[in-house]
Each structure stands twice: as C-alpha cells, then as structure tokens.
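Take the sequence shown: its position 45, counted from the start at 1, is 389 in our numbering, and no numbers get skipped. Each residue gets a CB set at the ideal place from its N, CA and C atoms; glycine is no exception. One structure is given below, encoded as structure tokens.
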Amino acid sequence: MSEFSGIGKVLMIFGVILLIVGALIWLGGKIPGIGRLPGDIFIKRGHFSFYFPIVTCIIISILLSIIFSLFGRK
C-alpha cells in the first residue's frame with residue numbers, strides 16, 4: 345500500500361499544477377499587461393499574423409523558478 349501513496353502524491357501535485365496553469369490560461373486575457381509586454385514579438389502581414397510572447401514567457405519562467413525553489417527546499 346505504501347508504494348501507491350507516493351504515486352498518489354505525484355498525481356495530486358500534477359493535478360494542482362494543471363489546475364493553476366489552466367486558470368492562468370483562462371484568465372490570461374483578463375489580466376492587464378500579460379501578453380503585451382515590450383519585447384513580445386508580433387508580426388502581421390496581410391492574412392498572416394505571428395505572435396510570440398517571449399518576454400512574458402521569460403517573466404513567467406522566473407516566477408515559477410522562484411516559487412518551485414521555495415517549495416522544493418526541505
């Protein structure tokens with residue numbers, strides 16, 4: 345029974361992470377400034393548009409690294 349408790353914890357943590365990421369994606373358009381930062385790449389030519397939020401990705405990556413380093417310490 346104890347070998348399944350570790351798998352259960354991992355699945356629960358993975359579920360919480362998916363819930364948080366889903367909420368951020370769902371609310372992403374409603375949070376002002378997210379996705380429209382200086383440095384984000386947006387190209388629009390005719391019927392083609394390309395958008396890559398590189399600065400937004402970097403900021404989110406830094407924030408997640410800080411959060412996971414705080415919770416990852418034992």
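In the DSSP output, what is residue i paired with across the bridge?
i	result
ILE385	PHE396
Please report how far the alpha carbon of residue i lies from the alpha carbon of residue j, in whole angstroms.
i	j	result
VAL399	MET356	30 Å
ASP384	PHE415	30 Å
LEU363	LYS353	15 Å
GLY366	PHE348	27 Å
ILE351	ILE410	25 Å
When you compare each of the options to residue i by their alpha carbons, which one comes out closest?
i	options	result
LEU381	PRO397, LEU362, ILE351, PHE358	PRO397
PHE412	ILE361, ARG389, LEU371	ILE361
ILE404	ILE369, LYS353, HIS391	ILE369
Would residue i pass as a contact of residue j if the rule is Cβ separation under 9 Å?
i	j	result
SER393	ILE387	yes
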